[in-house]
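Student: Going by this note's numbering, the letters in the sequence shown line up with residues 388 to 624, in that order.
All C-beta atoms in this analysis are idealised placements derived from N, C-alpha and C, irrespective of residue type, glycine included.
This is the structure I have questions about; it appears just below.
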Amino acid sequence: MAHDHATVAEEEYLQSIFWLQEAGLPMTGANVARAMQLSAPTVHEMVNRLEKDGYITRRDDKSLKFTKSGLEHAEAIVRRHRMIERFLTDVLGIPWDEVHEEAERLEHAMSPVLEERMLAAIGDAKNCPHGHPIDPADRVPGVPLADCDAGAKVTILRFENEAEDLLHYLMNSGVYPGLDAVVESTGDDEVAIRSGKGEHVLTTSVAETISVTADPSPPPRTALPEQLVLAKERYGR
Numbered sequence: 388m389a390h391d392h393a394t395v396a397e398e399e400y401l402q403s404i405f406w407l408q409e410a411g412l413p414m415t416g417a418n419v420a421r422a423m424q425l426s427a428p429t430v431h432e433m434v435n436r437l438e439k440d441g442y443i444t445r446r447d448d449k450s451l452k453f454t455k456s457g458l459e460h461a462e463a464i465v466r467r468h469r470m471i472e473r474f475l476t477d478v479l480g481i482p483w484d485e486v487h488e489e490a491e492r493l494e495h496a497m498s499p500v501l502e503e504r505m506l507a508a509i510g511d512a513k514n515c516p517h518g519h520p521i522d523p524a525d526r527v528p529g530v531p532l533a534d535c536d537a538g539a540k541v542t543i544l545r546f547e548n549e550a551e552d553l554l555h556y557l558m559n560s561g562v563y564p565g566l567d568a569v570v571e572s573t574g575d576d577e578v579a580i581r582s583g584k585g586e587h588v589l590t591t592s593v594a595e596t597i598s599v600t601a602d603p604s605p606p607p608r609t610a611l612p613e614q615l616v617l618a619k620e621r622y623g624r
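Structure follows, in structure tokens:
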């Protein structure tokens with residue numbers, strides 16, 4: 388039986404494992420280690436603890452699977468994180484490329500009363516400033532911008548990697564969730580799109596981490612894990 392309250396360390400792991408599930412990446416110890424930039428023995432120890440505490444189980448192929456309680460805990464911390472980001476941006480006026488790390492610090496120490504007040508303050512906002520649904524069940528399928536052909540009309544859904552250094556790059560490039568644009572060119576090194584605000588040039592590796600809706604749309608595909616490891620510390624999620 389799972390504990391009623393996960394520790395801060397367990398919440399960090401549950402959040403990272405949930406991110407792997409949400410992004411469609413294999414939920415393995417190796418990917419958790421890559422995501423959190425931790426050693427395999429450290430991750431193995433915590434995975435054992437999460438299993439013992441009733442938050443995850445392991446499939447026959449050693450991949451991880453949430454228990455009902457584990458999924459509820461993971462969704463709660465992810466929802467809280469995204470709500471805090473929205474509050475910091477909309478209510479306190481902090482730029483969206485600076486709120487991820489602040490939310491990381493606040494998400495573990497929030498009382499139910501403060502959470503309720505924040506929810507009231509953000510009104511009917513459905514997504515965090517980086518395009519992820521505050522309620523994970525509302526996630527809209529997208530395709531990597533890097534896959535879209537020249538001439539495709541795209542709308543940016545979300546940034547799959549929320550590492551702060553990457554968010555600064557995206558902010559400086561003038562792209563943001565909800566932006567409508569047309570793909571001008573694609574290549575091995577760069578992807579160029581044009582919106583009503585002008586041309587935006589992104590490296591292909593960054594375009595790999597941007598989910599969009601597109602017309603015409605390429606086939607659905609999960610972004611490659613190695614492309615999502617762009618931050619020095621860890622995945623931004």
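#1: Give me, in chain order, the residues of the same chain whose beta-carbon lies closer than 8 Å to that of Y454; leave out the 5 immediate sequence neighbours on both sides.
#2: The ligand NAD and A508: does the residue's C-beta get closer than 7 Å to at least one heavy atom of that ligand?
#3: State the start and end residues of the unbroken beta strand (DSSP E) segment that holds S604.
#4: Whose CA, out of H555, T590, V599, lies closest to the CA of V569?
#5: Could you give the distance in angstroms between the alpha-carbon of H517 and the alpha-carbon of V530?
#6: Could you name the residues of the same chain whose beta carbon sits closer than 6 Å to that of A490, not counting the 5 residues immediately before and after it, in chain order?
#7: Need the endpoints of the beta strand (DSSP E) that L475 sits in, please.
#8: For the stretch 491-515, which segments carrying the alpha helix (DSSP H) assignment without a break, of at least 4 residues, lie completely within its bounds, in sequence order?
#9: With distances taken Cα to Cα, identify the nearest neighbour of D477 among A512, E502, T542, Y400.
#10: Leaving aside the five residues before and after P528 along the sequence, list all residues of the same chain whose C-beta is less than 8 Å from its C-beta, in chain order.
#11: Could you spell out where the alpha helix (DSSP H) holding T429 opens and where it closes?
#12: Enumerate in chain order the residues of its own chain whose CB-to-CB distance from L566 is below 6 Å, with the five nearest sequence positions on each side excluded.
#13: Quick check: what's the CA-CA separation for L617 versus T596?
#14: Drop a sphere of 10 angstroms on the beta-carbon of G585, count the other beta-carbons inside from all chains shown, and report buried for 16 or more, exposed for fewer.
#15: Alpha carbon to alpha carbon, what distance is there between E502 and A461?
#16: Helix, strand or coil: how does DSSP classify D576 here?
Tutor: Reading off the structure:
#1: Along the sequence shown, one-based indexing puts residue 454 at 67. Before going on, a small fix: residue 454 reads as Thr here, not Tyr. Cβ neighbours of T454 beyond the five flanking positions: A389, G441, Y442, I443, T444.
#2: Ligands displayed in this structure: none; no statement on the ligand NAD is therefore possible.
#3: Residue numbering aside, residue 604 sits at position 217 when the sequence shown is read from its first letter. No beta strand (DSSP E) contains S604, which DSSP labels as neither H nor E.
#4: Indexing the sequence shown from 1 puts residue 569 at position 182. Considering only alpha carbons, the answer is V599.
#5: As a working note, residue 517 is residue 130 in the sequence shown. As a working note, residue 530 is residue 143 in the sequence shown. Using only the alpha carbons, I get a separation of about 16 Å.
#6: By 1-based counting over the sequence shown, the position of residue 490 is 103. So the list reads H468, I471, E472, once near-sequence residues are dropped.
#7: Numbered from its first residue, the sequence shown carries residue 475 at position 88. Counting along the chain, L475 falls outside any beta strand (DSSP E), though it belongs to the alpha helix (DSSP H) covering 455-477.
#8: 499-508
#9: Numbered from its first residue, the sequence shown carries residue 477 at position 90. Nearest C-alpha to D477: A512.
#10: As a working mapping, residue 528 is identified with position 141 in the sequence shown. Taken in chain order, the residues that qualify are P607.
#11: Position 42 of the sequence shown holds residue 429. From DSSP, the alpha helix (DSSP H) with T429 extends over 427-439.
#12: As a first step, residue 566 must be located in the sequence shown, where it is residue number 179. Once the five neighbours on either side are set aside, the close Cβ partners of L566 are I543, S582.
#13: Against the sequence shown, residue 617 aligns to sequence position 230. Against the sequence shown, residue 596 aligns to sequence position 209. Note that L617 scores 41 on pLDDT, short of 50, meaning its location in the model is unreliable and no value can be drawn from it.
#14: On the sequence shown, residue 585 is found 198 positions in, with the first residue counted as 1. Classification of G585: exposed, given that the 10 Å Cβ count is below 16.
#15: In the sequence shown, residue 461 corresponds to position 74, counting from 1. In the sequence shown, residue 502 corresponds to position 115, counting from 1. Straight-line Cα distance between these residues: approximately 16 Å.
#16: Position 189 of the sequence shown, counted from the first residue, corresponds to residue 576. In the structure shown, D576 sits in coil (DSSP, three-state: anything other than H, G, I, E or B).
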